[in-house]
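Heads up, the thing below is written out as structure tokens.
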Amino acid sequence: MKKKKRNHIIWIVCMTVVSAIILLPIIVMILTSFKTTGEINSAVFHFLPDSLNFDNYKTAMSTGNWLIYFRNSNPF
944 MKKKKRNHII WIVCMTVVSA IILLPIIVMI LTSFKTTGEI NSAVFHFLPD SLNFDNYKTA
1004 MSTGNWLIYF RNSNPF
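Quick note: the sequence shown uses our numbering, first residue 944, plus one each step.
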């Protein structure tokens, strides 16, 4: 019984580490999208942005051709 419990704990720890490795770049990408250009190009990396900046999203929505993007991503 102890061996089964130990194996289960090892499995959970391994899956937690793998999940963190997979999710960390996605989380960094999302948080970076709220940073200003100065924060992104800064020599010092900060995980969280100083303040939420939605200018990147405004630029993407106003300059992007969303119909073509959707058509390229749509599998149908």
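Glycine included, every Cβ here is placed at the ideal spot set by N, Cα and C.
The alpha helix (DSSP H) with residue i in it runs from where to where?
{"i": "M1037", "result": "Because the chain is modelled from 944 through 1019, residue 1037 falls outside the range shown and cannot be assessed."}
In this structure, does DSSP put residue i in helix, strand or coil?
{"i": "H989", "result": "coil"}
{"i": "T1023", "result": "In the structure as shown, the chain starts at 944 and stops at 1019, and residue 1023 therefore has no counterpart that could be examined."}
{"i": "L967", "result": "helix"}
{"i": "S1016", "result": "helix"}
{"i": "L974", "result": "helix"}
{"i": "L1010", "result": "helix"}
{"i": "N950", "result": "helix"}
Between residue i and residue j, which are expected to be in contact by the criterion C-beta below 8 Å, what is the C-beta distance as a whole number of angstroms?
{"i": "E982", "j": "P968", "result": "The Cβ separation is near 18 Å, so there is no contact."}
**Study point:** Contact between the region 990-1009 and the region 971-982 (3+ Cβ pairs under 8 Å)
**Key:** yes
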